[in-house]
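A.B. asks:
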Amino acid sequence: MITKEETGKYLQENKQRFLDELFDLLRIPSVSADPKFKGDVKKAAEFMKAKFEEAGADNVEVCETAGHPIVYADKIIDPELPTVLVYGHYDVQPADPYELWDSEPFNPVIKDGKIVARGSADDKGQVYIHVKAFEMMMKNGGVPCNVKFMIEGEEEVGSENLEIFIAENKEKLKSDVIVISDTSMIANEHPSMAVSLKGISYLEIEVTGPNRDLHSGVYGGAVANPINVLCRMITSLQDENRKVTVPGFYDQVLELTQAERDEMNKAPFNLENYKKDLAIEDVEGEASYNTLERMGIRPTLDVNGIWGGYIGEGAKTVLPSKASAKISMRLVPNQNHREITKLFQNHLESIAPKSVKVKVKPHHGGMPYVTPTDTDSYKAAEKAFEKVWGKKPIPTREGGSIPIVSLFKDILGLDSILMGFGLNSDAIHSPNESFGVENYLKGIETVALFHQYFAELGKK
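Residue numbers (this note's numbering): 17 to 476.
Below is the structure:
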């Protein structure tokens, strides 16, 4: 049985090595969305494989897929004991725009107690917590329960091949619970655990007008400008109360009672500090809901990118042939991403003027998920957080999405425990992404104790 004293001692003795190894992983630009980094994604997979082998895992393999590979490893000490399946991803978001970084995105540095690098919080730093927690358990008496690892390289592009992998390997992945560290806490002084994730529908719109770019003086005012049309269409997707105007969008939304809303609003949140951190004068969102509720329990629609026409230096008076945008809709319990995608597609086509052609291309989607809080696994995680962080974690509702989580439930029949150690201020998906050194080290300790407590509860 590993104790908090043993974990603390091992952490102090190996702190620098744990950081050095994570830095080595962060230096690999494993950007899954960009084909030019394909070799680096494979290199990151091989790195993970080597570290699992060094830590003492069995059956370690890099499993090829039609896209990027999946790293699998396990340690089965007794089939009668409970089994934890750890899921995470080693791929990262593109680092663009590079010029907005204060340091090189793939050359990690420590600044103000935080590891600054692309992937530091999402999700390499959090995944590597599990690798080092596993090592720490193996060096201090062994793991108290069976452990399996499934670390993929396509989470940032929709996990398309992971769905195929889990469907084909149900027996191999057979476990009692899935543990994921890819979410955030409220603050280090207020540890929390996410108990729900939003679903997502992600699409691309292309609006085509004339068959070529035109002179804006000769044709302007006579021929539809695809950028103007696209902007009008996007603007119409929300009303003056910031509600989404797509017909049927809210039909299946699970509405929380006032008592449930009151309970979630007990989480510490300072609106003024929130605005100060983002350098904004005010917040914005759906009327009749506060900021916490907008992030956690209400569906949203956002433009993630928009382009068209001439954007180079100087002037070019062009009326463009095409304009495009990428849009994501974050969904809440009972909303189905496939249904929402179809509703959006039908609506956009119905409001498009005859002067243009509109094409809607779905990219990826995922279902919302809610974690049960009355299970042994949740209680074990709660106890581990309280032991390491000094406070019982607050249950929170995440605004982010991990599409594969609902598929774990559908295909494997397993619930997921979301043991995230990042902070909202970590700037994931943005320049200067970071992850606290304290969060990394305490995360290792917390995960090790979770396995111990889960094994104990599983024996009752």
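Positions of the beta carbon are idealized from the N, C-alpha and C atoms, including for glycine.
No experiment lies behind these values; they were computed from the predicted model shown.
Need the endpoints of the alpha helix (DSSP H) that A397 sits in, please.
C.D. replies: What you label residue 397 is simply residue 381 of the sequence shown in a count that begins at 1. Run containing A397: D392 to W405, per the alpha helix (DSSP H) assignment.
A.B. asks: Please tell me whether S217 and F360 are closer than 8 Å, where the distance is taken between their beta carbons.
C.D. replies: Looking up residue 217 in the sequence shown gives position 201. Looking up residue 360 in the sequence shown gives position 344. Closer than 8 Å, so yes.
A.B. asks: May I have the straight-line CA-CA distance separating D298 from L287, to the nearest angstrom?
C.D. replies: By 1-based counting over the sequence shown, the position of residue 298 is 282. By 1-based counting over the sequence shown, the position of residue 287 is 271. If I take the Cα positions, the gap works out to 9 Å.
A.B. asks: Consult DSSP for M64 and reduce its assignment to one of helix, strand or coil.
C.D. replies: Stepping through the sequence shown from its first residue, residue 64 is reached at position 48. M64 falls in the helix class under three-state DSSP.
A.B. asks: How long is the line joining the alpha carbons of V195 and G237, rounded to whole angstroms?
C.D. replies: Translated into the one-based positions of the sequence shown, residue 195 becomes position 179. Translated into the one-based positions of the sequence shown, residue 237 becomes position 221. Those two C-alpha atoms are separated by around 57 Å.
A.B. asks: To test your reading of the DSSP string, which unbroken beta strand (DSSP E) runs of 3 or more residues are found completely within the region 319 to 354?
C.D. replies: Entirely contained in the region 319 to 354, the beta strand (DSSP E) runs reaching 3 residues are, in chain order, 338 to 347.
A.B. asks: Whole angstroms are fine: how far does the CA of Y456 sit from the CA of K476?
C.D. replies: Within the sequence shown, residue 476 is the residue found at index 460, counting from 1. Within the sequence shown, residue 456 is the residue found at index 440, counting from 1. Here K476 scores only 49 on pLDDT, less than 50, and its place in the model is too uncertain to base an answer on.
A.B. asks: Nearest to E480 by alpha carbon, out of F470, G438 and S446?
C.D. replies: The structure shown does not extend to residue 480, since the chain is modelled only from 17 through 476, so no value can be given for it.
A.B. asks: For the beta strand (DSSP E) containing T412, name the first residue and the last one.
C.D. replies: Position 396 of the sequence shown holds residue 412. Residues I410 to R413.
A.B. asks: I'd like to know if the region 272 to 292 and the region 322 to 341 are in contact, where contact means that at least 3 CB-CB pairs between them fall below 8 Å.
C.D. replies: No: fewer than three Cβ pairs fall under 8 Å.
A.B. asks: On the CB-based measure, 16 or more other CB atoms within 10 Å of its CB, does V125 come out buried or exposed?
C.D. replies: Along the sequence shown, read from residue 1 onward, the residue named residue 125 stands at position 109. So V125 counts as exposed.
A.B. asks: Determine the direct distance from the alpha carbon of E29 to that of D36, and round the result to whole angstroms.
C.D. replies: Position 20 of the sequence shown holds residue 36. Position 13 of the sequence shown holds residue 29. Near 13 Å, if we compare the C-alpha coordinates of E29 and D36.
A.B. asks: Could you tell me if R248 is buried or exposed, where buried requires 16 or more neighbouring beta carbons within 10 angstroms of its beta carbon?
C.D. replies: Position 232 of the sequence shown, counting from 1, holds the residue named residue 248. Its Cβ having fewer than 16 others within 10 Å, R248 is exposed.
A.B. asks: Hey, out of A133, V100, P349 and V374, whose CA is closest to L38's CA?
C.D. replies: By 1-based counting over the sequence shown, the position of residue 38 is 22. Comparing Cα-Cα distances from L38 to each of A133, V100, P349 and V374, the minimum goes to A133.
A.B. asks: Once the 5 residues before and after F466 are set aside, which same chain residues still bring their CB inside 6 Å of it?
C.D. replies: Locating residue 466 in the sequence shown gives position 450, counting from the first residue. Contacts found: A396, A397 and A400.
A.B. asks: Just verifying my parser: in three-state terms, what is the DSSP assignment at N440?
C.D. replies: Against the sequence shown, residue 440 aligns to sequence position 424. N440 falls in the helix class under three-state DSSP.
A.B. asks: Apart from the five residues just before and just after P207, which ones in its own chain have a Cβ nearer than 7 Å to its Cβ?
C.D. replies: Start at 1 with the first residue of the sequence shown, and residue 207 comes out as number 191. Correct list, in chain order: M201, F401, W405, K407 and P409.
A.B. asks: Just to check my reading of the structure: S212 and Y469 have Cβ atoms closer than 8 Å, yes? What is that Cβ distance to the nearest angstrom?
C.D. replies: The count along the sequence shown starts at 1 and reaches residue 212 at position 196. The count along the sequence shown starts at 1 and reaches residue 469 at position 453. That pair is no contact at about 23 Å.
A.B. asks: From L270 to V239, what distance separates their C-alpha atoms?
C.D. replies: The sequence position of residue 270 within the sequence shown is 254, counting from 1. The sequence position of residue 239 within the sequence shown is 223, counting from 1. Answer to the nearest angstrom: the Cα atoms are 44 Å apart.
A.B. asks: Can the beta-carbon of P85 be found less than 8 Å from the beta-carbon of A111?
C.D. replies: On the sequence shown, residue 85 is found 69 positions in, with the first residue counted as 1. On the sequence shown, residue 111 is found 95 positions in, with the first residue counted as 1. No, they are not a contact pair.
A.B. asks: Report the option in G381, Y326, K370 and M311 whose CA atom is closest to the CA atom of S344.
C.D. replies: In the sequence shown, counting from the first residue as 1, residue 344 sits at position 328. S344 has its Cα closest to that of G381, out of G381, Y326, K370 and M311.
A.B. asks: Thinking just about the alpha-carbon of each residue, which of D128, D138, L42 and S119 is nearest to the one in A443?
C.D. replies: As a working mapping, residue 443 is identified with position 427 in the sequence shown. The candidate whose alpha carbon is nearest that of A443 is D138.
A.B. asks: Can E461 and G129 be called in contact, C-beta distance under 8 Å?
C.D. replies: The sequence position of residue 461 within the sequence shown is 445, counting from 1. The sequence position of residue 129 within the sequence shown is 113, counting from 1. No. Outside cutoff.
A.B. asks: With a threshold of 7 Å on Cβ separation, who are the neighbours of V348 within its own chain once the five nearest residues in sequence on each side are excluded?
C.D. replies: Along the sequence shown, one-based indexing puts residue 348 at 332. Excluding positions up to five away in sequence, the list reads K214, V269, L270, I313, R314, P315 and P384.
A.B. asks: Is there a Cβ from chain D that is less than 8 Å from the Cβ of V195?
C.D. replies: No chain D is present in this structure, which holds just one protein chain.
A.B. asks: F424 by DSSP, collapsed to three states: which one?
C.D. replies: Residue mapping note: residue 424 aligns to position 408 of the sequence shown, counting from 1. In the structure shown, F424 sits in a helix (DSSP, three-state: H, G or I).
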